[in-house]
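Visitor: Going letter by letter, the sequence shown gives residues 185 to 416 in the numbering used here.
Note that beta-carbon positions come from the ideal geometry of N, C-alpha and C, so glycine has one too.
This is the structure, below, for whatever I ask next.
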Amino acid sequence: MHKNKEHPETNYNDFPHWIFGAEIANRFTDEAEKHIPDYWRVIELTTNILKDNLSKDSNIIDVGCASGNTLLYLYKQGFPNLFGIDSSQEMLKVAGKNLSQVEKNFPSRLFYSQTFVENMTFNAIICNWTLHFIQERQEYLKAIFDSLVSQGLFILTEKTIQSQIIENQYIVFKQNKGLSNEEIERKKKQLKGVLNPWSIRANLELLTQTGFSQIEIVNARLGFVTFLCIKP
Ligand SMILES: C[S@@+](CC[C@H](N)C(=O)[O-])C[C@H]1O[C@@H](n2cnc3c(N)ncnc32)[C@H](O)[C@@H]1O
């Protein structure tokens, strides 16, 4: 039986599959920094792209907003019309707490849903490190596309299929962040069948089939790839 060093009461055998529950939600930023290459760099790039290409009154939604890090970053850059969506109540609770510190009404713009919002339009949609968790990704992407205005921006970051060479380098990345081999192996097992990476080519094909016209890779590290797409 494995016990977590920081939370000795936690027995990982109790939940073999990865879930975004309270335990992860309360330490999400640390988890993201240790497991996601270029976590802050991609958030900064996302913000800079939106800042340089959209007016400040633009409607922007962050899909899989987790603890609200990206929304907070965007808010501090002067975007007031921000929305978030997530399928985890625990994540949204943390996001609501973090974001209400800058604006007390923010939590009312955070939506709890497994599916994309209906009857709203956006100038930009962000979906960083989330679509790979969604089983019905074609349908989800279509809903995103339909909710964007013409010339609207879509920023997507996905873990893609890694070769053994890149997976080994990804393990080194995690070891350098202080994770033990046991922790790395446990998370890999927990994510099996929960996080489903596609190849870069399959992602590009899906984005093209969905209707996006201009598709560029704007960041890539160790198999984590950020796409910038424009709706014609
Ligand atoms: C790795 S986190 C995303 C990190 C976040 N985008 C950021 O910038 O910090 C993945 C998030 O996707 C959420 N998620 C998983 N399936 C979802 C779905 N069907 N709809 C919305 N969110 C989902 C999880 O609850 C979790 O908060």
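1) Just to confirm before moving on: does the CB-CB distance between K415 and L332 stay below 7 Å?
2) Starting from G280, trace the alpha helix (DSSP H) both ways and give me its first and last residue.
3) Cβ-heavy atom distance between W417 and ligand 1 below 6 Å?
4) DSSP three-state label for F204, please.
5) If you draw a straight line from the alpha carbon of H316 to that of L379, how long is it in whole angstroms?
6) Could you pull out every residue in the same chain whose Cβ sits closer than 7 Å to the Cβ of R405, ignoring the five residues on either side in sequence?
7) Tell me which residues share the same chain as P291 and place their Cβ nearer than 6 Å to its Cβ, disregarding the 5 neighbours each side in the sequence.
8) Closest to G268 by C-alpha separation, out of Q374, M304 and I208, would be which residue?
9) Confirm the yes/no value for this check: CB of D270, any heavy atom of ligand 1, distance under 6 Å.
10) Cβ-heavy atom distance between G248 and ligand 1 below 6 Å?
11) DSSP beta-bridge partners for T230?
12) Going by the C-beta, is F317 closer than 6 Å to any heavy atom of ligand 1?
13) Specify, as a first and last residue, the run of the beta strand (DSSP E) that I310 falls within.
14) Pick helix, strand or coil for F357, following the three-state DSSP scheme.
15) Could you tell me which of I244, E389, W224 and L266 sits nearest to G336, measuring between CA atoms?
16) Taking G407 and Q346 to be in contact with their CB atoms under 8 Å, please state how far apart those CB atoms are, rounded to whole angstroms.
17) Secondary structure at Q319, three-state DSSP: helix, strand or coil?
18) When DSSP builds the beta bridges, which residues end up paired with L256?
Guide: Answer, in terms of the structure:
1) Locating residue 415 in the sequence shown gives position 231, counting from the first residue. Locating residue 332 in the sequence shown gives position 148, counting from the first residue. Between K415 and L332, the C-beta gap is smaller than 7 Å, which places the two residues in contact.
2) Sequence index remark: in the sequence shown, residue 280 carries index 96 (1-based). Unbroken alpha helix (DSSP H) run through G280: Q273 to S284.
3) Given that the chain is displayed from residue 185 to residue 416, the structure contains no residue 417 and the question cannot be resolved.
4) In the sequence shown, counting from the first residue as 1, residue 204 sits at position 20. Coil at F204, not helix or strand.
5) Taking the sequence shown and counting its residues from 1, the one referred to as residue 316 is at position 132. Taking the sequence shown and counting its residues from 1, the one referred to as residue 379 is at position 195. For H316 and L379, the distance between alpha carbons rounds to 5 Å.
6) Sequence index remark: in the sequence shown, residue 405 carries index 221 (1-based). Non-local beta-carbon contacts of R405 in its own chain, meaning distances under 7 Å to residues more than five positions away in sequence, involve P221 and D222 in chain order.
7) On the sequence shown, position 107 is the one that residue 291 refers to. The beta carbon of P291 lies closer than 6 Å to those of G280 and S284 in the same chain, with the five residues before and after it left out.
8) In the sequence shown, counting from the first residue as 1, residue 268 sits at position 84. The option with the nearest alpha carbon to G268 is M304.
9) For the purposes of this step, residue 270 is taken as residue 86 along the sequence shown, with counting starting at 1. Indeed, a heavy atom of ligand 1 lies less than 6 Å from the Cβ.
10) Sequence index remark: in the sequence shown, residue 248 carries index 64 (1-based). Result yes, Cβ under 6 Å from ligand 1.
11) As a first step, residue 230 must be located in the sequence shown, where it is residue number 46. Beta-bridge pairing links T230 to no other residue.
12) If you number the sequence shown from 1, residue 317 lands on position 133. It does: the Cβ of F317 is within 6 Å (strictly closer) of some heavy atom of ligand 1.
13) Translated into the one-based positions of the sequence shown, residue 310 becomes position 126. Run containing I310: F306 to N312, per the beta strand (DSSP E) assignment.
14) In the sequence shown, residue 357 corresponds to position 173, counting from 1. Three-state result, F357: helix.
15) Locating residue 336 in the sequence shown gives position 152, where the first residue counts as 1. Nearest neighbour of G336 by Cα position, chosen from I244, E389, W224 and L266, turns out to be I244.
16) Counted from its first residue, the sequence shown places residue 407 at position 223. Counted from its first residue, the sequence shown places residue 346 at position 162. The pair is a contact, with the Cβ atoms about 4 Å apart (cut-off 8 Å).
17) As a working note, residue 319 is residue 135 in the sequence shown. Three-state DSSP puts Q319 in coil, outside helix and strand.
18) As a working note, residue 256 is residue 72 in the sequence shown. When DSSP reads this structure, L256 sits in no beta bridge, so it has no partner.
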